[in-house]
Amino acid sequence: MKASLKTALKTVVTTIALAAAIPAAVSAAPVKDNIRIVSAGSGVTEIIYALGAGDKVVAADATSNFPAEVNELPKLGYHKQLSAEGILAMAPTMLVGSADMGPPATLNQLKGAGLTVKALPVDNSVESIETRIDALASLLGKEKEGEQLWQDISESLEQAQTLADSHEKKTRVMFVLAMGGRTPTVAGEGSAANAIMNLAGGYNIAAEDFKGYKALSNEALLLLAPEVIVYPGSVSNPDMTPEKILEQMPILKQTPAGKNGRIVAIDGTLLLGGLGPRTGDLA
Numbered sequence: 008m009k010a011s012l013k014t015a016l017k018t019v020v021t022t023i024a025l026a027a028a029i030p031a032a033v034s035a036a037p038v039k040d041n042i043r044i045v046s047a048g049s050g051v052t053e054i055i056y057a058l059g060a061g062d063k064v065v066a067a068d069a070t071s072n073f074p075a076e077v078n079e080l081p082k083l084g085y086h087k088q089l090s091a092e093g094i095l096a097m098a099p100t101m102l103v104g105s106a107d108m109g110p111p112a113t114l115n116q117l118k119g120a121g122l123t124v125k126a127l128p129v130d131n132s133v134e135s136i137e138t139r140i141d142a143l144a145s146l147l148g149k150e151k152e153g154e155q156l157w158q159d160i161s162e163s164l165e166q167a168q169t170l171a172d173s174h175e176k177k178t179r180v181m182f183v184l185a186m187g188g189r190t191p192t193v194a195g196e197g198s199a200a201n202a203i204m205n206l207a208g209g210y211n212i213a214a215e216d217f218k219g220y221k222a223l224s225n226e227a228l229l230l231l232a233p234e235v236i237v238y239p240g241s242v243s244n245p246d247m248t249p250e251k252i253l254e255q256m257p258i259l260k261q262t263p264a265g266k267n268g269r270i271v272a273i274d275g276t277l278l279l280g281g282l283g284p285r286t287g288d289l290a
């Protein structure tokens, strides 16, 4: 993990811990021959590379930016707005992505052209990470690597859970999407952001009110009174600083998080296309 990302992730955990007043304390097997992969979704792409099959990826979607090698590949747009023509131009044998990639017409066109289209489940639970690893490992002939990868991730998740359990008081956390000065959109139950907040030992204050993402009025946001606000920035949006967040959404200045300067960025691409190998580190 790059130092800048590791620093950002540590900041999330430290900020939550401070708000709670609790101190934070194989050799690779050969991949199946003649495979040419287009990968759609950052979490999926990271798993492919972690399995040692990155050399089979010929293109990826715009959200895939880790590991660094993937940035040297052609990028084929957003994973939910893929173009069949762009993908076919790369002469792949398969498209691998999350279940929310699309549009359906593109996927059907690719299947009609003889491509294998593998859509992995997205339920934004830590359990789904193992399911996705197993599916990709089997598809790519990387079963042993898949077992080792899940073991490593499990240890990371256990460490995150241990830290979360050490908090006597769960901090009130809110994940906010900055939408160009428009009404703040907040993450609720069932979202990838919700899973990350729980792993980090926080309490997602919007989880009891709705599922997925929802735009909230200023009044509703103030009533939730978040002690920590997390937003997508860092690698995915380096220009979006906490100061700019407050400039775009001045209502956040009136929250406990805004008043105490507890506004933290995480790499938003880690939340797209399902949770991936770095989930435990992110928490």
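Residue numbering for the sequence shown follows the numbering used here, starting at 8 and increasing by one per position. Using N, Cα and C, we set each Cβ at its ideal position, and we do this for glycine too. Remember, predicted model here, so these are calculated numbers, not experimental data.
Apply the 10 Å Cβ neighbour rule to residue i and answer buried if 16 or more other Cβ atoms are within range, or exposed otherwise.
i      : result
ASP68  : buried
GLY219 : exposed
LYS176 : exposed
PRO99  : buried
ASN115 : exposed
GLY275 : buried
LEU230 : exposed
GLU53  : buried
VAL199 : For the sequence presented, residue 199 should be read as Ala rather than Val. Buried, because 16 or more other Cβ atoms sit within 10 Å of the Cβ of ALA199.
SER90  : exposed
LYS63  : buried
GLY265 : buried
GLY268 : exposed
Tell me the DSSP secondary structure of residue i in three-state form.
i      : result
ALA167 : helix
MET46  : Reading off the sequence, residue 46 comes out as Ser, not Met. Three-state result, SER46: strand.
PRO239 : strand
LYS177 : coil
ASP274 : strand
ALA57  : helix
ALA227 : helix
ALA232 : coil
With C-beta atoms as the reference, is residue i less than 8 Å away from residue j?
i      : j      : result
PRO284 : LEU170 : no
MET101 : LYS118 : no
ALA232 : ALA213 : no
LYS221 : THR192 : yes
ILE160 : GLY287 : yes
MET108 : VAL65  : no
ALA142 : GLU150 : no
THR190 : LEU223 : yes
HIS86  : LEU279 : yes
ILE270 : PRO257 : no
Is there a Cβ of chain B sitting closer than 8 Å to that of residue i, yes or no?
i      : result
GLN166 : Looking for chain B here will not work: only one protein chain is present.
Assuming residue i and residue j form a contact by the criterion Cβ under 8 Å, report the distance between their Cβ atoms to the nearest whole angstrom.
i      : j      : result
LEU58  : GLY153 : 6 Å
ALA120 : LEU95  : 6 Å
ASN211 : ASN201 : 5 Å
ARG139 : GLY281 : 6 Å
GLY48  : GLY84  : That belief does not hold up - the Cβ atoms of GLY48 and GLY84 are roughly 12 Å apart, past 8 Å.
Using 7 Å as the cut-off, classify the Cβ of residue i as near or not near the heavy atoms of the ligand NAP, replying yes or no.
i      : result
ALA126 : In terms of ligand content, the structure shown is empty, and the ligand NAP therefore cannot be addressed.
(message) What ranges does the alpha helix (DSSP H) occupy inside the stretch 181-216, keeping only unbroken runs of at least 4 residues that lie completely in it?
(response) Given a length threshold of 4 residues, each whole run of the alpha helix (DSSP H) inside the stretch 181-216 is given here in chain order: 199-206.
key: Every unbroken alpha helix (DSSP H) inside the stretch 70-158 [4 residues or more]   = 91-95, 111-119 and 133-147
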